[in-house]
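Working notes, beginning with the structure itself.
Structure representation (structure tokens):
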């Protein structure tokens, strides 16, 4: 009986000590997690809507230190609740940093941010489309320029080939004409000498024969 009474007293002391620890932990927590369902990001961070990014970042580090699954405060709740709180803090931090939209907030600023995001996406699409058109135009310009250069080179080569061919033909014809002229002149000189001899013979006077008795 004495042992049972001692065990009961020890159990009551342990419960009292645990309750005291929980009370001191909860009372010493300067940033208690909201008890109502679907809290907003600003409610989780205990910050006003006008908080700066530096304040949000500093508060995030404080919440991570307090609500990490291995922290003393997280040990006072179930592991599932500790994980849920930690994930909620991470999600709230993304919302406050502007990376996601808080679905539980009906503030007009959220709708304004969504509208601004849609406008920014539309502008980005228009910019990419304009850059694509400019790229296509530049490609056509490059192709036209390349085609013009190829045509100019082909025309120059054709003109050069034609000029050389005409010059070669003219040289051949000139050489042939000079050869014919030289052969004709040589023939004329050879024929002219024979005719002069014949003409001299024909033009010489006939000599009369000397009589045999002229000396007597």
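Residue numbers (this note's numbering): -2 to 213. Virtual Cβ for every residue (Gly too), placed ideally from N, Cα, C.
| Item | Value |
| --- | --- |
| Mapping DSSP to helix, strand and coil, what is residue 65? | coil |
| Return the residue from the list 33, 65, 87 and 167 that minimises the CA-CA distance to residue 79. | 65 |
| Out of curiosity, what's the CA-to-CA distance linking residue 131 and residue 140? | 14 Å |
| So, helix, strand or coil for residue 49, using DSSP? | coil |
| What are the boundary residues of the alpha helix (DSSP H) that residue 92 is part of? | 76 to 93 |
| Three or more C-beta pairs closer than 8 Å, one from the segment 84 to 95 and one from the segment 56 to 74: is that the case here? | yes |
| Within this structure, are the beta carbons of residue 28 and residue 39 separated by less than 8 Å? | no |
| For the alpha helix (DSSP H) containing residue 42, list its first residue and its last residue. | 38 to 42 |
| So is residue 41 buried or exposed if we call it buried at 16+ other beta carbons inside 10 Å? | buried |
| Among the candidates 93, 184 and 34, whose CA atom is the shortest distance from the CA of residue 57? | 93 |
| Compare the Cα-Cα distances from residue 69 to each of 169, 167, 48 and 26 and report the closest residue. | 26 |
| Would you kindly work out how many angstroms separate the C-alpha atoms of residue 154 and residue 164, rounded to a whole number? | 15 Å |
| Inspect the beta-carbon positions of residue 30 and residue 82 and report whether they are closer than 8 Å. | yes |
| In angstroms, rounded to a whole number, what distance separates the CA positions of residue 76 and residue 123? | 49 Å |
| Run the CB neighbour count on residue 157, radius 10 Å, all protein chains shown included, and call it buried at 16 or more, exposed below. | exposed |
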